[in-house]
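When you line the sequence shown up against mature numbering (1 follows the signal peptide of the UniProt record, and there is no 0), it's residues -19 to -1, 1 to 260, in that order.
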Amino acid sequence: MPRRWVAALACLAALVAIACDGADASPRPSDSARPGAPAVMSALGDSITTGFASCLVLVTCERNSWSTGDGLRVESHYRRLRERNPALRAYDRAAAGARATALAGQAGAAVRDKADYVTVLIGANDACHGGIDAMTPVATFRDQVDRGLRVLRKGRPRARVLVVSIPDLYRLWQVGHTEPRAVRAWAYGICPALLADPTSTAPVAVARRTRFRQRIDDYNAQLRAACRAYGSRCRWDGGAAHRLRFGLDLVNSLDWFHPNASGQDRLSEVSWPAAGWSG
């Protein structure tokens, strides 16, 4: 081969290598995070956020979480945000049975995660963990929520926080107390402050349910106020989750209490607009 051809081919190979290197160094638009998109998100809360009982067994099922789930059956906040940042990392710091007193510890974990976006859904267990007199006092609930939010504000002051209202558990009794399978499941002690003797129309039972319903409303009022006190980095869902008029088709058929995958998907759908990422 003539020497000049060798030199020409060497130059061509060098140009191709430079072009390829340049292509590899510049990520494709679909692989890049949009400006302002979070790099890390964390979810705080209780068994609802862990996806408990949404996988046909009575265990946590984080892939179906309305917040951080990565399963295909739930269009979670995480999956929605992946469209903005394919490299988004998500941590579910919620725990089954958690009450507001656990929020500070979960918030500490979110700080260690270096979360840019944090979802908070807490309070159902403060009302449900025992009888009606065992419900967490409203003032105590607020103090514990404030304590958790202070951990976030101090450790991740630029993170966006979404506080989600407690779903309308009283409606669960309304739609489920005539379903024999639900009544049998609730007899094992699920949320006794509300669901004990679910078919009773005695005045004491009616008064107990009314008191429970009011306590959930009081908790939601405190969650809204706590988010407002946090400042501009906190967003309240406006009561969207509480207004969700779910039916038994959105709860699992084992404990007839926790959302199934469809219920988790609806919870994500109604809470998503308040997060402020869709604009």
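Beta carbons are placed, not taken as given, at the ideal position from N, Cα and C, and that holds for glycine.
Predicted, not measured: the structure shown is a model, and the values here were computed from it.
{"Query": "According to DSSP, which residues form a beta bridge with L150?", "Result": "Paired residue(s): none; L150 is not in a bridge."}
{"Query": "Is the beta carbon of A105 sitting closer than 8 Å to the one on I147?", "Result": "yes"}
{"Query": "Use the C-beta contact count for V230: other C-beta atoms within 10 angstroms, 16 or more gives buried, fewer gives exposed.", "Result": "According to the sequence displayed, residue 230 carries Asp and not Val. The residue in question, D230, is exposed, as its Cβ has fewer than 16 Cβ neighbours within 10 Å."}
{"Query": "CB-CB under 8 Å to T31, same chain, minus the five flanking residues each way: which ones, in chain order?", "Result": "T41, C42, E43, S46, D73, A75, A76 and A77"}
{"Query": "Nearest to R131 by CA position, among A85, R152 and S48, is which residue?", "Result": "A85"}
{"Query": "What does DSSP give as the partner residue(s) for W217 in the beta ladder?", "Result": "V144"}
{"Query": "CB A81 to CB V126, shorter than 8 Å?", "Result": "yes"}
{"Query": "Could you give the residue range of the beta strand (DSSP E) that holds S23?", "Result": "V21 to G26"}
{"Query": "Which residues in the same chain as H158 place their Cβ atom closer than 7 Å to its Cβ, once the five residues preceding and following it in sequence are excluded?", "Result": "V164, P179 and T180"}
{"Query": "With D73 as the anchor, note down where its beta strand (DSSP E) starts and where it stops.", "Result": "R70 to D73"}
{"Query": "Measure the alpha-carbon distance for G136 versus G17 and round it to whole angstroms.", "Result": "19 Å"}
{"Query": "For A20 and T100, which I take to be in contact (beta-carbon distance under 8 Å), what is that distance rounded to the nearest angstrom?", "Result": "About 16 Å separates the two Cβ atoms, so there is no contact after all."}
{"Query": "In three-state terms, what does DSSP make of Y169?", "Result": "coil"}
{"Query": "Give a yes or no on whether the C-beta atoms belonging to G112 and A188 are separated by under 8 Å.", "Result": "no"}
{"Query": "Mind reading off the beta-carbon distance from L39 to L225? Whole number of angstroms is fine, and I expect it under 8 Å.", "Result": "With 8 Å as the limit, L39 and L225 do not qualify as a contact, their Cβ atoms being about 23 Å apart."}
{"Query": "Considering Cα atoms alone, identify which of V232, H58 and L133 is closest to V251.", "Result": "H58"}
{"Query": "Residues bridged to P240 by DSSP?", "Result": "V232"}
{"Query": "Roughly how many angstroms lie between the CA atoms of residue 264 and D97, to the nearest whole one?", "Result": "In the structure as shown, the chain begins at -19 and stops at 260. Residue 264 is therefore absent and cannot be evaluated."}
{"Query": "Apart from the five residues just before and just after L176, which ones in its own chain have a Cβ nearer than 7 Å to its Cβ?", "Result": "W154 and W167"}
{"Query": "Does the Cβ-Cβ distance between V55 and A242 come in under 8 Å?", "Result": "yes"}
{"Query": "Going by other Cβ atoms of all chains shown within 10 Å of its Cβ, with 16 needed for buried, is L37 buried or exposed?", "Result": "exposed"}
{"Query": "Within the same chain, show all residues whose beta-carbon is closer than 7 Å to that of A34, passing over the 5 residues directly before and after it, in chain order.", "Result": "N233, L235, D236 and H239"}
{"Query": "I need the boundaries of the beta strand (DSSP E) containing L102, first residue and last residue.", "Result": "Y98 to L102"}
{"Query": "Return the chain-ordered list of same chain residues with a C-beta closer than 6 Å to the C-beta of A256, the five sequence neighbours on each side being excluded.", "Result": "L143"}
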